[in-house]
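Colleague:
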Amino acid sequence: MIVPHLRARYTRRVRRRAVVPILVILAGLTALSAPAFPALARYGALPRKADGPVTVLLAGVDVHYDETAAVWPYPATPEDYSQRTDTIMLAQFRPDGTANLLSIPRDTWVNLPGSGWGKINGANVKGGPDLLVEAVQDLTGVRVDAYTLLSLNALRALTDAAGGVTLDVPQRMKYDDNAGHLHIDLQPGRQHLSGQQAEGFLRFRHDGLGDIGRVARQQSYLTALVGRSKSPLNWWRLPAMVGAIHQNTKSDLTRTEVGALLGAALSGLKVNMHTVPGTFGGGGTWLPDRAALHTLIHEQFRDPNDPRALTVAVVNTAAPDGSARRLKAHLEELGYQDVRIAEEARAAASTTVSGKAAATVLRDVGHGQVTQQGGIPGADVTVRLGSDTPAN
Numbered sequence: 009m010i011v012p013h014l015r016a017r018y019t020r021r022v023r024r025r026a027v028v029p030i031l032v033i034l035a036g037l038t039a040l041s042a043p044a045f046p047a048l049a050r051y052g053a054l055p056r057k058a059d060g061p062v063t064v065l066l067a068g069v070d071v072h073y074d075e076t077a078a079v080w081p082y083p084a085t086p087e088d089y090s091q092r093t094d095t096i097m098l099a100q101f102r103p104d105g106t107a108n109l110l111s112i113p114r115d116t117w118v119n120l121p122g123s124g125w126g127k128i129n130g131a132n133v134k135g136g137p138d139l140l141v142e143a144v145q146d147l148t149g150v151r152v153d154a155y156t157l158l159s160l161n162a163l164r165a166l167t168d169a170a171g172g173v174t175l176d177v178p179q180r181m182k183y184d185d186n187a188g189h190l191h192i193d194l195q196p197g198r199q200h201l202s203g204q205q206a207e208g209f210l211r212f213r214h215d216g217l218g219d220i221g222r223v224a225r226q227q228s229y230l231t232a233l234v235g236r237s238k239s240p241l242n243w244w245r246l247p248a249m250v251g252a253i254h255q256n257t258k259s260d261l262t263r264t265e266v267g268a269l270l271g272a273a274l275s276g277l278k279v280n281m282h283t284v285p286g287t288f289g290g291g292g293t294w295l296p297d298r299a300a301l302h303t304l305i306h307e308q309f310r311d312p313n314d315p316r317a318l319t320v321a322v323v324n325t326a327a328p329d330g331s332a333r334r335l336k337a338h339l340e341e342l343g344y345q346d347v348r349i350a351e352e353a354r355a356a357a358s359t360t361v362s363g364k365a366a367a368t369v370l371r372d373v374g375h376g377q378v379t380q381q382g383g384i385p386g387a388d389v390t391v392r393l394g395s396d397t398p399a400n
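9 is the number of the first residue of the sequence shown in our numbering; add one for each residue after it.
1. When you compare only the Cα positions, how much space is there between residue 76 and residue 84?
2. Per DSSP, what kind of secondary structure is residue 144 in: helix, strand or coil?
3. Let me know the secondary structure DSSP gives residue 118 once reduced to three states.
4. Taking the runs of the beta strand (DSSP E) that are 3 residues or longer, which of them lie wholly in the segment 156-188?
5. Residue 105 to residue 231, Cα distance in whole Å?
6. What's the call for residue 399, buried or exposed, on a 16-neighbour Cβ count within 10 Å?
7. Is residue 387 helix, strand or coil by DSSP?
8. Would residue 229 and residue 173 qualify as a contact pair, given that the criterion is a beta-carbon distance under 8 Å?
9. Can you check which of these residues, 215, 354, 202 and 148, is closest to residue 99 by C-alpha distance?
10. From 289, 255 and 242, pick the residue whose C-alpha is nearest to that of residue 162; which is it?
11. Leaving aside the five residues before and after residue 388 along the sequence, list all residues of the same chain whose C-beta is less than 8 Å from its C-beta, in chain order.
12. Verify the CB distance criterion: does residue 396 have a CB-CB separation below 8 Å to chain B?
13. Report yes or no: do three or more beta-carbon pairs, one from the segment 322-340 and one from the segment 296-311, lie closer than 8 Å?
14. So is residue 156 buried or exposed if we call it buried at 16+ other beta carbons inside 10 Å?
15. Determine the burial state of residue 356: buried for a count of at least 16 other Cβ atoms within 10 Å of its Cβ, exposed for fewer.
16. Nearest by alpha-carbon distance to residue 295: which of 127, 330, 175 and 64 is it?
17. Go ahead and label residue 351 buried or exposed: buried means 16 or more other beta carbons lie within 10 angstroms of its beta carbon, across all protein chains shown.
18. Tell whether a beta-carbon distance below 8 Å holds between residue 68 and residue 93.
19. Please go through the same chain and pick out, in chain order, the residues whose beta-carbon is closer than 6 Å to the beta-carbon of residue 369, but skip the five residues on each side of it.
20. Determine the direct distance from the alpha carbon of residue 377 to that of residue 233, and round the result to whole angstroms.
21. Cβ atoms of residue 90 and residue 133: under 8 Å apart, would you say?
22. Taking Cβ positions, are residue 108 and residue 306 nearer each other than 8 Å?
23. Using the beta-carbon count (16 or more within 10 Å), is residue 186 buried or exposed?
24. Taking all protein chains shown into account, do 16 or more other C-beta atoms lie within 10 angstroms of the C-beta of residue 79, making it buried, or fewer, making it exposed?
25. Is DSSP giving residue 349 helix, strand or coil here?
26. Give the single residue among 96, 180 and 379 whose Cα lies nearest to the Cα of residue 227.
27. Assign residue 345 to one of two classes, buried (16 or more other C-beta atoms within 10 Å of its C-beta) or exposed (fewer than that).
28. Which word fits residue 383, buried or exposed, when buried means at least 16 other C-beta atoms lie within 10 angstroms of its C-beta?
29. When we look at the beta-carbon of residue 208 and count the other beta-carbons within 10 Å, is it buried (16 or more) or exposed?
30. I'd like to know whether the C-beta atoms of residue 211 and residue 196 end up nearer to each other than 8 Å.
31. Jot down the residue ranges of each uninterrupted beta strand (DSSP E) in the segment 281-350, minimum 3 residues, whole runs only, in chain order.
32. Tell me which residues share the same chain as residue 406 and place their Cβ nearer than 6 Å to its Cβ, disregarding the 5 neighbours each side in the sequence.
33. Could you pull out every residue in the same chain whose Cβ sits closer than 8 Å to the Cβ of residue 245, ignoring the five residues on either side in sequence?
34. Rounded to the nearest angstrom, how far is the Cβ of residue 138 from that of residue 64, given a contact under 8 Å?
35. Closest by CA to residue 336, which one among 243, 374, 303 and 215?
36. Quick check: the Cα distance between residue 222 and residue 391, rounded to an integer number of angstroms?
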């Protein structure tokens with residue numbers, strides 16, 4: 009199984025608090041400290057069967073400049089990974105060999121637990137990676153198993169170590185920010201970019217789409233980098249790429265966990281990319297479309313082995329009044345994300361549970377029996393509360 013203890017770790021503390029698959033690969037190479045080809049052979053022997061998805065939050069951290077320095081432009085301060093997150097991605101590795109990536113625009117307006125509402129890129133400043141994890145879990149309903157923070161230097165160094173990346177530049181990109189040490193000067197068309205040029209490609213925001221345009225370019229870059237790195241012709245570059253990443257990340261993944269994820273990644277992942285749906289709001293915010301996001305998460309990111317991710321319909325067939333409402337509240341307290349109250353003709357009967365993971369849901373209901381009875385349309389599990397339901 010892939011990282012079962014990792015999943016258990018965050019299950020126990022679920023209320024605590026742009027470069028996804030390839031970073032996991034490179035971090036794994038670093039963790040095991042092996043030459044490229046022997047390492048690949050070793051990882052190929054790792055077990056890849058998992059009992060459920062493993063979800064990792066990845067975020068690129070902004071640079072902070074020392075404004076007290078006597079020189080200008082101000083120099084960057086030593087990296088402590090405490091600044092705003094410029095790039096945020098949720099990467100879910102699944103047992104079937106797929107990886108689902110969800111790009112979260114940095115200006116997404118979210119609830120920051122304990123800190124009120126704000127842009128999600130401020131979560132790391134206010135509460136570190138724990139608060140960022142909590143905000144992403146609150147936004148998506150997806151449990152996060154681990155996080156990795158990357159410095160801005162990681163992008164430039166990694167790209168150069170890979171020998172550059174080939175990308176389609178959609179338009180003329182020209183921008184200068186002396187204070188931010190950022191100078192972008194790219195012509196349109198397909199071309200091979202260095203690390204500095206790739207950084208400009210990813211950070212450019214003056215295309216009329218702002219943060220959403222940046223997200224699309226992040227995904228294009230990721231696809232190009234992964235494709236280049238998986239080619240056997242470039243395996244000799246892996247040690248240098250490992251060195252570029254090793255010095256520019258902060259993560260709570262252990263070496264064993266990274267190695268297990270790496271075994272799955274090298275088996276040939278099919279990567280599906282998504283972006284949090286929404287609309288532009290005031291103050292440069294991105295307002296998530298909660299209904300559309302819920303549908304996306306339900307279809308692409310839910311764990312089929314976790315009943316809390318299933319759609320549960322509760323029907324009062326013969327129980328005391330208010331029983332369906334009380335059970336709905338109880339299941340939601342246990343972490344169920346989609347519990348609905350449905351209507352059927354009342355009939356004298358005992359409580360039954362039918363559908364996917366019915367036995368597990370039955371344990372959370374607390375009474376009744378599993379049946380093969382048909383369910384409510386659109387529901388994965390149907391609970392019919394009968395006359396054996398307690399009054400309170």
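In this text, a Cβ means the ideal position worked out from N, Cα and C, and glycines have one as well.
Because the structure is a prediction, the values reported are computed rather than measured.
Modeller: This is what the structure holds:
1. 11 Å
2. helix
3. strand
4. 173-177 and 181-185
5. 17 Å
6. exposed
7. coil
8. yes
9. 148
10. 255
11. 318, 319, 320, 363, 364 and 365
12. Absent here is chain B; the protein component of the structure consists of one chain.
13. no
14. buried
15. exposed
16. 127
17. exposed
18. yes
19. 315, 361 and 389
20. 52 Å
21. yes
22. no
23. exposed
24. exposed
25. strand
26. 96
27. buried
28. buried
29. buried
30. no
31. 286-288, 294-296, 319-324 and 346-350
32. This structure gives no information on residue 406, because the portion of the chain shown stretches from 9 to 400.
33. 169, 170, 171 and 237
34. That pair is no contact at about 15 Å.
35. 374
36. 45 Å
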